[in-house]
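Down below is the structure, laid out as structure tokens.
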Amino acid sequence: MSTKRKNGEGLYMPRRLVPMLVVGALVVASCGADEPAATTAAQDTTTTAAQTTTTEAEEVVVTPLQGGTLAEIQARGSLRCGVSTSAIGFAEPQDDGSYSGFDADYCRALAAAVLGDANAVEFVGTTAAERFNVLAAGEIDVLFRNTTWTQSRDTEIGGDFGPTTFYDGQQIMGKADFGFNDASTLGDVDGARLCTNAGTTTEKNITEGARVVGAEIDLVTVENFPEAMDLFRQGSCDLVTTDGSALFGNRYAAIQNGEIAEGDWIIFPTTPISKEPLGPMYRQNDSQWADVVNWLVYILIIADEKGITSANIDEMVANPPDPEAGRFLGVGEDELQTKMGLAADAYAQAIRQVGNYDEIYANNLHPLGFSRAGSANARWTEGGLVYAPPAR
363 MSTKRKNGEG
373 LYMPRRLVPM
383 LVVGALVVAS
393 CGADEPAATT
403 AAQDTTTTAA
413 QTTTTEAEEV
423 VVTPLQGGTL
433 AEIQARGSLR
443 CGVSTSAIGF
453 AEPQDDGSYS
463 GFDADYCRAL
473 AAAVLGDANA
483 VEFVGTTAAE
493 RFNVLAAGEI
503 DVLFRNTTWT
513 QSRDTEIGGD
523 FGPTTFYDGQ
533 QIMGKADFGF
543 NDASTLGDVD
553 GARLCTNAGT
563 TTEKNITEGA
573 RVVGAEIDLV
583 TVENFPEAMD
593 LFRQGSCDLV
603 TTDGSALFGN
613 RYAAIQNGEI
623 AEGDWIIFPT
633 TPISKEPLGP
643 MYRQNDSQWA
653 DVVNWLVYIL
663 IIADEKGITS
673 ANIDEMVANP
683 PDPEAGRFLG
693 VGEDELQTKM
703 GLAADAYAQA
713 IRQVGNYDEI
723 YANNLHPLGF
733 SRAGSANARW
743 TEGGLVYAPP
753 AR
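Residue numbers for the sequence shown follow the working numbering, so the first one is 363 and each next one is one higher.
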């Protein structure tokens, strides 16, 4: 039987605190709310707080593009890039309709490579639930939307994944007032009501993970993660869960705007409960476009390895540090970009106008407290997983 408790304001009391409540009778007397019915992980019952129009289980109808995606973009003169409606550090809408963030910069870099202009981007905000249908229907050319590469997504919904741009993992955020700390584990969510957004791997991860550790949870799903954060702030949910990057971003923003103090919101467990490799996604059966997107990611990584940046790109083009750099910068007869349907200097333009991998990472994620050092996002030569095949 569930032993979760809520006080008059809907605050979560973990099971480990129940003995304390029995001893502290006066405290118990002050808690007047009725105990809500428990929802077990074994039942996998999901409460929907906002209508979800699409889930990843729904059929996705792919609309083929005549002439291929690259030709469509070049004829149109703009790149239609799918991003999150709001993801701090990754895709944040601006007043002029553009977006800022890690994913948004990849959209700009791709536009610079394909069209020679990093600003030739039409940003399309998509929810987690609708993103795959929007891509499959041809409403966008590519998805840079903190999307996890999984087997089912790679094989069942008419899309393919490009190289991973950010290695993430799912975590949970709770309030320190509820007794959570840096040592808290997945087992400590027993009896809690958790909020997250629908149409994501997060739902399955937390449900399966809770079942494994024997924790009973009540999972509440909404269409957009900002809605989940609102429910968390209001106390309608005890905990909120998604990729750690999003949790750190939301906590950082709350501290910066004075909503909370350092230490008020705890992110746990220290080791994420899942692997969340995030990267671009595009429609299947368009190898030319796949090559263009994939090699954009790879070239920005190689440029970082070689110290080629937006600040020194012109010097590097004039005097390439080695033959490989000369090839992807478009210098010499053995460059490969024109064979891909691009200008010889396509990837040089991406670096010049946006930056290499490290510049994109540092500009958008360092302010949130993310350091590449010691993480999976470090260079492969420094113990990380960020690696690219040779440009030859």
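Glycine included, every Cβ here is placed at the ideal spot set by N, Cα and C.
Note that the structure is a prediction, hence the values are computed from the model and not measured.
Counted within 10 angstroms of its Cβ, other Cβ atoms place residue i as buried (16 or more) or exposed
| i | result |
| --- | --- |
| G620 | exposed |
| P682 | buried |
| N647 | exposed |
| N543 | exposed |
| E418 | Confidence at E418 is low in this model, with a pLDDT of 40, below 50, so the placement of that residue should be treated as unreliable; the coordinate-derived value is given next. Looking at its Cβ environment, which holds 16 or more other Cβ atoms inside 10 Å, E418 is buried. |
| G459 | exposed |
| T633 | exposed |
| S649 | exposed |
| G439 | exposed |
| L601 | buried |
| G444 | buried |
| G692 | buried |
| S733 | exposed |
| T517 | exposed |
| A687 | buried |
| A572 | buried |
| L747 | exposed |
| A652 | buried |
| V385 | Bear in mind that the predicted position of V385 carries a pLDDT of just 36, short of 50, making it too unreliable to give a figure here. |
| D707 | buried |
| G694 | exposed |
Candidates the options, of which the one nearest residue i by Cα
| i | options | result |
| --- | --- | --- |
| W756 | N726, E667, F732 and I622 | Examination of residue 756 is not possible in this model, given that the chain is present from 363 through 754 alone. |
| A577 | A652, V445 and G549 | G549 |
| F684 | S672, N718, Y749 and A665 | In the sequence as presented, Phe is not what sits at residue 684; that position holds Asp. Of the candidates S672, N718, Y749 and A665, the one whose C-alpha sits nearest the C-alpha of D684 is A665. |
| V582 | V574, E565, G571 and V575 | E565 |
| T509 | D720, Y529 and A433 | Y529 |
| C469 | A482, D605 and V602 | A482 |
| R442 | T603, F485, D720 and A475 | F485 |
| E454 | A498, I502, F506 and A474 | F506 |
| A490 | G478, L477, R515 and L472 | R515 |
| D539 | R595, T671, W657 and R714 | R595 |
| T447 | S462, G669 and E721 | S462 |
| V476 | V655, A724 and N674 | V655 |
| V574 | I435, N586 and V551 | V551 |
| A673 | W657, L658 and A710 | A710 |
| P588 | N559, D605, I435 and T563 | N559 |
| M591 | E686, L556, G745 and G746 | L556 |
| G606 | D676, A449, D457 and I675 | A449 |
| I579 | A554, A652 and G736 | A554 |
6 Å Cβ shell around residue i - same chain, five flanking residues per side excluded
| i | result |
| --- | --- |
| L730 | G451, F610, G611 and Y614 |
| I629 | Q533, M535 and L609 |
| S392 | Unreliable positioning characterises S392 in this predicted model, as indicated by a pLDDT of 36, which lies under 50. A coordinate reading is not provided. |
| Q715 | A474 and A480 |
| Y719 | L662, I663 and D666 |
| T431 | D503, D648 and W651 |
Element boundaries [beta strand (DSSP E), containing residue i]
| i | result |
| --- | --- |
| A554 | A554 to N559 |
| L581 | I579 to V584 |
| G641 | Taken as a continuous stretch (DSSP letters only), G641 belongs to no beta strand (DSSP E), as it is neither H nor E. |
| Q533 | Q532 to K537 |
Extent of the continuous alpha helix (DSSP H) run through residue i
| i | result |
| --- | --- |
| R714 | A708 to Q715 |
| W657 | S649 to K668 |
| T431 | T431 to R438 |
| G688 | P685 to F690 |
| Y749 | Segment: none, Y749 is in no alpha helix (DSSP H) and carries neither H nor E. |
| A724 | Y719 to L727 |
| A545 | First-last for A545: undefined, no H or E at that position. |
| D676 | I675 to A680 |
Contact set for residue i: own chain, Cβ-Cβ below 8 Å, skip 5 residues either direction
| i | result |
| --- | --- |
| R346 | What the structure shows of the chain is the stretch from 363 to 754, and residue 346 is not part of that stretch, so it cannot be assessed. |
| A623 | I617 |
| P631 | Q533, I534, S546, T547 and L548 |
| I722 | F464, D467, Y468, A471, L662 and V716 |
| W627 | M535, G536, K537, A538, R613 and A616 |
| L658 | Y468, A471, L472, A475, Y709 and A712 |
Same chain only: Cβ atoms within 7 Å of residue i, ignoring 5 sequence neighbours per side
| i | result |
| --- | --- |
| W511 | F523, T526, P639 and G641 |
| A750 | Y660, I663 and I664 |
| L803 | No statement about residue 803 is possible, as the shown extent of the chain runs from 363 to 754 and does not include it. |
| Q405 | Model confidence at Q405 stands at a pLDDT of 36, short of 50, so the residue's coordinates are unreliable; what they give is reported in the following sentence. Closer than 7 Å at the Cβ level, and outside the excluded window around Q405, lies no residue. |
| I670 | M678, A687, I713 and N718 |
task: Could you pull out every unbroken beta strand (DSSP E) segment of at least 3 residues lying fully inside the stretch 443 to 528, listed in chain order?
output: 483 to 488 and 521 to 523
message: So within the stretch 565 to 634, which uninterrupted alpha helix (DSSP H) runs reach at least 4 residues, ignoring any that extend past its ends?
response: 587 to 596 and 606 to 618
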